[in-house]
Amino acid sequence: MSEKPIGNKNNKKHQQLEQFRVNDANKKLTTNQGLKVSEDGVSLTAGRRGPTLMEDFHFREKMTHFDHERIPERVVHARGTAAHGEFEVYESMKPYTKAKFLQDPNVKTPVFVRFSTVVGFRGSADTVRDVRGFATKFYTDEGNYDLVTNNMPVFFIQDGMKFPDIVHAIKPEPHNEIPQASGAHDTFWDFVANNQESAHQVMWLMSPRAIPRSYRMMQGFGIHAFRFVNDGGKAHFVKFHWIPKLGVHSLVWDEAQKIAGKNPDFNRQDLYDAIEMGNFPEFELGVQIIEEKDEFAFDFDILDSTKIWPEEDVPVKIIGKLTLNRNVDNFFAETEQVAFHPGHVVPGIDFTNDPLLQGRLFSYTDTQLIRLGGPNFHEIPINKAVCPFHNNQRDGYHRQTINVGKVAYHNNSLAANTPAPATEEEGGFVHYQEKVEGSIVQSRSESFSDHFSQPKLFWNSMSPNEKQHIIDAFSFEVGHVKDKKVRQQVVDMFANVDLNMATKIAYNLGATPPTGKESTVTKASPALSQENTIKTAVGRKIGVILHNGFHDAEVKDILQGLNLAGVAYEIISGKQGVVTGKNNVDLMVDHTFTTTDPVLYDGIYIIGGDDIDNTFYNKANYFVKEAFKHYKPIGASFDGVKWLEENSMLGNPGIVEGNGNTFVETFVQAIAEHRHWDRKVV
Ligand code: HDE
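Listed below in structure tokens is the structure:
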């Protein structure tokens with residue numbers, strides 16, 4: 042691995058955090074009061090076999106601090122991982138927004154990004170079927186802007202009021218706290234069937250999007266309609282998209298479940314390792330823009346968070362790029378304590394009346410108060426703005442700033458009426474003056490009532506293997522529901538999307554075939570299918586199976602060729618240490634068959650060697666068969682080819698044999714393809 046990447050040392054956030062970083066190496070051990078201690082492993086006792094004395098201040102301090110180390114985990118999105126980086130805009134967005142960080146392509150704005158799963162506890166596995174969070178804090182010169190997105194573009198509910206309900210339904214059931222990090226249980230599906238606005242997101246949740254291959258290979262969607270406001274006061278509706286440069290790719294379900302046991306940190310590790318190796322993840326920022334005059338021009342309500350704006354109707358304009366180039370130094374201090382809020386905006390970005398967004402604007406600060414223990418969480422280094430902040434807020438737990446002077450109110454004359462509100466010209470945030478009129482009501486607009494047209498659009502847009510994935514996922518998830526009535530309700534509900542799909546699910550569940558009226562939508566949106574994503578071998582990792590006596594000269598060239606194409610590899614063999622080739626070239630073994638597993642690789646390259654015994658053969662065979670079953674590329678050279686012959690795999694898509702330059706080229710193409718669905722897997 043290259044030297045640890047430390048991001049851009051010149052960016053303001055880096056410089057600010059540097060003041061808080063502490064390196065304890067080569068220092069003397071002290072108490073928190075700075076007193077050097079002479080003993081850290083034995084407490085002060087009355088006699089060598091006697092009771093511990095209260096007087097032992099070091100013991101008391103050490104134990105008390107330990108006793109208070111934990112804070113509540115996030116009520117949702119508890120499991121996450123984060124990294125630092127930078128954002129640059131490609132062209133000025135001046136015609137649409139006055140947000141300063143979107144004006145100048147020469148400006149790099151520091152960012153901090155946290156990826157997460159939603160349902161599982163902080164220690165749950167990464168590869169569960171779930172929505173993923175993708176939250177970005179931009180440390181701009183006008184204050185922090187948080188773009189808090191998910192990897193699916195719609196949400197389960199239309200109104201913030203129902204958020205506690207959906208979360209109660211999908212979290213482990215309260216009587217026995219089972220199951221962990223999974224929607225495969227009665228209360229979730231009971232919620233779905235009785236809150237039919239969830240249909241669209243449930244379709245996404247049953248699709249491969251719910252088990253991303255990597256955080257580097259998933260999209261982020263702001264979901265809500267926000268507003269861009271330019272310096273002339275003109276507003277446009279806007280939806281935000283993050284688009285990964287490596288394309289959008291997923292695992293297969295059998296693999297995802299096995300990874301959850303083999304390496305529960307799979308996605309976290311993947312992101313960390315990529316950054317450490319200098320393979321910085323990149324995402325482009327896209328915006329969909331709708332003119333205010335076109336607010337009612339669509340056959341759905343653009344303020345409804347259960348709807349997408351189809352990209353074919355409202356194109357995604359690519360406006361900038363995010364690069365993640367530094368891992369955190371301390372998980373708790375940074376990843377755990379970062380506090381996002383969709384209400385952290387800058388001039389030029391504003392809200393809409395989307396009732397889900399409105400609900401979020403309350404929840405996020407509120408949740409930080411319990412999680413981070415008081416109102417001063419904005420002073421925690423990772424949350425601190427890089428521009429100065431001044432107001433009359435004072436005191437509270439763990440206050441850091443020492444506000445001098447005696448005036449802490451407005452209006453005043455003693456401090457010349459400062460700190461004073463800024464005018465719009467001075468950068469003061471002025472809320473967009475949308476005209477609203479109406480009676481105070483508790484009912485939803487009729488324009489929010491079509492729950493099945495867009496799920497059908499999604500279904501129509503899926504490739505055959507994505508459709509099969511969705512049917513299998515419903516069959517697995519609803520198959521874990523114990524209550525037969527709930528199963529039937531689910532099947533009947535999804536017949537409103539597609540009768541054929543629901544009938545197949547009903548068959549698998551042993552439910553009565555539904556007779557509902559399916560949506561008549563025939564349109565498809567090709568942008569929704571992962572088949573149409575970017576395909577590249579860059580950033581992939583393969584497992585290379587070797588034994589002593591391998592063709593070292595040729596193999597070294599091939600491995601170098603793979604590296605040049607951006608493919609990383611790990612050497613797998615029967616035992617740790619080195620494997621030695623025909624010409625005595627040694628390669629270090631990264632893993633044995635015991636310490637790794639084929640599910641942890643994007644493909645397998647089998648080479649073998651001399652004098653292979655049955656144990657080696659059978660273990661290597663397991664790797665090849667699993668990779669085949671998961672539709673992964675398999676390369677074979679020299680003795681390796683016999684594994685493919687004996688398993689009758691040769692000739693299948695994504696199976697590549699040979700050992701020259703064309704082998705490297707063809708294998709790299711097969712890796713870029715990600716999965717080879719046309720393979721006959723039994
Ligand atoms: Fe969140 N959400 N959310 N959410 N959300 C939280 O805030 C909430 C919603 C999202 O890495 C919580 O700090 C409500 C949509 C992400 O720290 C909490 C509603 C989207 C993260 C909260 C929603 C999201 C959160 C829990 C419906 C995608 C993780 C901890 C009205 C656009 C941020 C916290 C991180 C976290 C509330 C719906 C994304 C409780 C009430 C829609 C990525 O405040």
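Quick note on the numbering used here: the sequence shown kicks off at 42 and runs consecutively. Even for Gly, the Cβ is constructed at its ideal location relative to N, Cα and C. Since the model is a prediction, treat every value here as computed from it, not as a measurement.
### Own chain, CB closer than 6 Å to Ala543, minus 5 neighbours either side, in chain order
Val532, Phe535, Ala536, Pro555
### Task
Return the CA-CA distance between Met42 and Ser79, expressed in angstroms with no decimal places.
Here the model assigns Met42 a pLDDT of 42, short of 50, so the residue's position is not dependable, and the following value carries that caveat. Cα to Cα, Met42 sits roughly 38 Å from Ser79.
### Message
From the DSSP secondary-structure annotation, give me the bridge partner or partners of Val154.
### Response
Ala124, Thr177
### Task
May I have the straight-line CA-CA distance separating Met244 from Ala457, to the nearest angstrom?
59 Å
### Task
Determine, using beta-carbon pairs with one atom in the segment 220-235 and one in the segment 524-531, whether at least three such pairs fall under 8 Å.
yes
### Task
Starting from Ser614, follow the beta strand (DSSP E) in both directions and report where the run begins and ends.
609-614
### Query
Per DSSP, what kind of secondary structure is Leu246 in: helix, strand or coil?
helix
#### Entry: Inter-residue spacing [alpha-carbon to alpha-carbon] between Pro146 and Val640
41 Å
### Message
Quick check on Met42: does DSSP put it in helix, strand or coil?
### Response
Any reading at Met42 must be qualified, since the residue scores a pLDDT of 42, below 50, and its modelled position is unreliable; the value itself is stated next. In this structure, Met42 counts as coil in the three-state DSSP scheme.
### Query
Are Leu398 and His282 close, meaning C-beta to C-beta below 8 Å?
no
### Message
So the candidates are Glu127, Gly479, His419, Arg62; which of them puts its Cα closest to the Cα of Asn52?
### Response
Glu127
### Message
Can you list, in chain order, the residues of its chain with a C-beta nearer than 6 Å to that of Ala609? Leave out the 5 residues immediately preceding and following it.
### Response
Lys582
### Message
Here's the rule: buried if 16 or more other CB atoms are within 10 angstroms of the residue's CB, otherwise exposed. What is Thr190?
### Response
buried
### Query
Is it true that the segment 220-229 meets the segment 146-166, where meeting means three or more beta-carbon pairs spaced less than 8 Å apart?
yes
#### Entry: CB of Lys727 within 8 Å of CB of Glu714, strictly
Nothing can be reported for residue 727: it is not among the residues displayed for the chain, which extend from 42 to 723.
### Query
Cβ atoms of Val117 and Val154: under 8 Å apart, would you say?
no
### Query
From Leu540, Ala338, Gly676, pick the residue whose C-alpha is nearest to that of Lys558; which is it?
Leu540
### Message
Among Ile675, Gly400, Asn702, Glu706, whose alpha-carbon lies nearest the alpha-carbon of Asn693?
### Response
Ile675
#### Entry: Arg528 - containing alpha helix (DSSP H), residue span
525-535
### Query
From this set, His241, Val293, Asn688, which residue's C-alpha is nearest Ala514's C-alpha?
Val293
### Task
Ignoring anything shorter than 4 residues or poking outside the segment 396-458, list the alpha helix (DSSP H) runs there in chain order.
396-412
### Distance between Glu218 and His241 (C-alpha atoms, nearest Å)
27 Å
### Inter-residue spacing [alpha-carbon to alpha-carbon] between Glu611 and Ile423
35 Å
### Query
Is Gln409 near ligand 1, judged by its Cβ being under 7 Å from some heavy atom?
yes
### Message
Does the beta-carbon of Ala449, which I'm using as the reference point, lie nearer than 7 Å to any heavy atom of ligand 1?
### Response
no
### Message
At a threshold of 7 Å, does Tyr405 count as lining ligand 1 (C-beta to nearest heavy atom)?
### Response
yes
### Query
Which term fits His451, buried or exposed, when burial requires 16 or more other beta carbons within 10 angstroms of its beta carbon?
exposed
### For Phe373, the nearest candidate out of Arg412, Asp391, Ile343 (CA to CA)
Arg412
### Task
Note the first and the last residue of the continuous beta strand (DSSP E) segment covering Asp187.
184-191
### Message
Going by beta-carbon coordinates alone, are Ile349 and Gln495 separated by less than 8 Å?
### Response
yes
### Validate contact between the segment 307-327 and the segment 357-366 using beta carbons, cut 8 Å, 3 pairs
yes
### Task
Pick helix, strand or coil for Phe229, following the three-state DSSP scheme.
helix
### Message
Quick check: what's the CA-CA separation for Ile343 versus Ile252?
### Response
28 Å
### Query
Would the C-beta of Ala463 count as close to ligand 1, meaning under 7 Å from any of its heavy atoms?
no
### Query
What are the residues that DSSP puts in a beta bridge with Leu363?
Phe128, Phe324
### Query
Quick one, are the C-beta atoms of Val369 and Ala677 less than 8 Å apart?
no
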